[in-house]
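Going line by line, the protein sequences match chains G and C. Each residue of the first sequence is one higher than the one before, starting from 17 at the first, in the numbering used here. Each residue of the second sequence is one higher than the one before, starting from 2 at the first, in the numbering used here. The C-beta atom is built at its ideal place from N, Cα and C for all residues, glycine as well. No experiment lies behind these values; they were computed from the predicted model shown. Down below is the structure, laid out as structure tokens.
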Amino acid sequence: DTGVSQNPRHKITKRGQNVTFRCDPISEHNRLYWYRQTLGQGPEFLTYFQNEAQLEKSRLLSDRFSAERPKGSFSTLEIQRTEQGDSAMYLCASSLALGRNTEAFFGQGTRLTVV
Amino acid sequence: GQQVMQIPQYQHVQEGEDFTTYCNSSTTLSNIQWYKQRPGGHPVFLIQLVKSGEVKKQKRLTFQFGEAKKNSSLHITATQTTDVGTYFCAGDSSYKLIFGSGTRLLVRP
């Protein structure tokens, strides 16, 4: 399967702990997105990368969230000092931004539960 | 910041009835995309519209992009139980995708 891969699929953590999620995009894709989704809501934009450059980070995102994409390949999303409100599905998507076609392919997501 | 609004939030139809969801952006978009998410699944790309006034069809699905490139609609003719899921529009502006809140479609067999 050469789709977008996210690990882990599920994470349960205690409040105050740090967590890190990994996303492996489709190999030739130059753009990578992170979204957060809660029940009954649409994916909420967090940040995105063009190759290794992080081009934008949502203003809604606190300083506890950080993302990296070293060498423009896989990406990691870290949440420090987790809070119960961080419980959500974290989705990664990638696209090959070529001309006007920016179709995004999503991974299965990482479901975070903060207890 | 850019906002994408979608209505209705829910639509419950009898199998065979039509369904429409509407999407409106606060800013002009370079393109708009539509995704479908089945319960427990992740969003799956359906289509992308780029040109002002563009209309595209996929079997029973018809997608429209407004003349001002700020609104869009998805219409499903004669719904089937396989159409169940949540339909999201996503506006592409400044190279990022901003999703609407989605319309959840339920189909009574």
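From this set, the options, which residue's C-alpha is nearest residue i's C-alpha?
i          : options                                     : result
Ser-74(C)  : Ser-95(C), Gly-103(C), Gln-4(C)             : Gly-103(C)
Val-20(G)  : Gln-33(G), Pro-59(G), Lys-30(G), Arg-47(G)  : Arg-47(G)
Val-130(G) : Phe-122(G), Gln-57(G), Gln-33(G)            : Gln-33(G)
Tyr-64(G)  : Ser-31(C), Asn-32(C), Leu-106(C), Lys-97(C) : Lys-97(C)
Met-6(C)   : Thr-87(C), Asn-72(C), Glu-68(C)             : Asn-72(C)
Thr-36(G)  : Ser-110(G), Phe-81(G), His-45(G)            : Phe-81(G)
Gln-12(C)  : Gly-67(C), Gly-86(C), Ile-48(C), Gly-42(C)  : Gly-86(C)
Leu-114(G) : Asp-40(G), Asn-67(G), Tyr-51(G), Glu-72(G)  : Asn-67(G)
Phe-66(C)  : Pro-9(C), Phe-100(C), Gln-3(C), Tyr-23(C)   : Tyr-23(C)
Thr-28(C)  : Phe-64(C), Gln-4(C), Val-14(C), Glu-68(C)   : Gln-4(C)
Thr-118(G) : Ile-48(C), Phe-89(C), Ile-77(C)             : Ile-48(C)
Arg-85(G)  : Tyr-49(G), Ala-120(G), Lys-27(G)            : Tyr-49(G)
Leu-77(G)  : Gly-125(G), Thr-98(G), His-26(G)            : Thr-98(G)
Just list the residues that DSSP pairs residue i with in beta bridges.
i          : result
Phe-122(G) : Ala-109(G)
Ser-82(G)  : Glu-94(G)
Val-108(C) : Val-14(C)
Gln-7(C)   : Cys-24(C)
Asp-102(G) : Note: Asp-102(G) sits in no beta bridge, so no partner.
Gln-33(G)  : Note: Gln-33(G) sits in no beta bridge, so no partner.
His-45(G)  : Paired residue(s): none; His-45(G) is not in a bridge.
Leu-98(C)  : Asp-93(C)
Ser-21(G)  : Asp-40(G)
Lys-87(G)  : Answer is none; Lys-87(G) lacks a bridge partner.
Give every residue of the same chain whose Cβ lies closer than 8 Å to the Cβ of residue i, excluding the five residues on either side of it in the sequence, and list them in chain order.
i         : result
Ala-79(C) : Gly-17, Glu-18, Asp-19, Arg-61
Thr-82(C) : Glu-16, Val-108, Pro-110
Who are the Cβ neighbours of residue i in its own chain at under 7 Å, not counting the five residues just before and after it?
i          : result
Phe-46(C)  : Gln-34, Tyr-36
Arg-39(C)  : Gly-86
His-138(G) : Only positions 17 to 131 of chain G appear in this structure, which leaves residue 138(G) out of reach.
Leu-30(C)  : Lys-70, Lys-71, Gly-92, Asp-93, Ser-94
Gln-53(G)  : Pro-59, Glu-60, Ala-104, Met-105, Leu-107
Asp-102(G) : Ile-95, Leu-128, Val-130
Lys-87(G)  : Glu-68
Pro-24(G)  : Thr-126
Gln-124(G) : Gln-22, Arg-25
Lys-30(G)  : Val-131
Which residues in the same chain have their Cβ closer than 6 Å to the Cβ of residue i, if we skip the five residues on either side of it in sequence?
i          : result
Arg-105(C) : Tyr-11, Thr-87
Ile-8(C)   : Tyr-23
Lys-73(G)  : Thr-63
Val-56(C)  : Gln-65
**Prompt:** What residues from the segment 53-66 of chain C come within 8 Å of chain G, judged by C-beta to C-beta, listed N to C?
**Reply:** From the segment 53-66 of chain C, no residue has a Cβ closer than 8 Å to chain G.
**Item:** the segment 113-124 of chain G: positions lying closer than 9 Å to chain C by Cβ
**Value:** For the segment 113-124 of chain G, the set of residues with a beta-carbon nearer than 9 Å to any beta-carbon of chain C comprises Ala-113, Arg-116, Asn-117, Thr-118, Glu-119, Ala-120, Phe-121, Phe-122, Gly-123, Gln-124, in chain order.
**Prompt:** Which ranges does the beta strand (DSSP E) cover as unbroken runs of at least 3 residues, wholly within the segment 15-81 of chain C, from first to last along the chain?
**Reply:** Uninterrupted beta strand (DSSP E) stretches at least 3 residues long and entirely within the segment 15-81 of chain C occur at 20-26, 32-38, 45-50, 56-59, 62-66, 72-77, given in chain order.
**Message:** Can you pull out the residues from the segment 71-83 of chain G whose beta carbon lies closer than 8 Å to at least one beta carbon of chain C?
**Reply:** Result list: Leu-71, Glu-72, Arg-75.
**Asked** According to a CB-to-CB cut-off of less than 7 Å, which residues of the segment 52-63 of chain G neighbour chain C?
**Response** So the list reads Gln-57, Gly-58, Pro-59, Phe-61, given in the order they occur along the chain.
**Request:** Anything in the segment 37-49 of chain G with a Cβ closer than 7 Å to a Cβ of chain C? List those residues in chain order, please.
**Result:** Answer set for the segment 37-49 of chain G: Tyr-49.
**Request:** Report the residues of the segment 88-116 of chain G with a CB closer than 9 Å to any CB of chain C, ordered along the chain.
**Result:** Result list: Met-105, Leu-107, Ala-109, Ser-111, Ala-113, Arg-116.
**Near-chain G residues of the segment 95-106 of chain C (beta-carbon distance less than 9 Å), N- to C-terminal order** = Taking 9 Å as the Cβ-Cβ cut-off against chain G, the residues of the segment 95-106 of chain C that qualify are Ser-95, Tyr-96, Lys-97, Leu-98, Ile-99, Phe-100, Gly-101, Ser-102, Gly-103, Arg-105.
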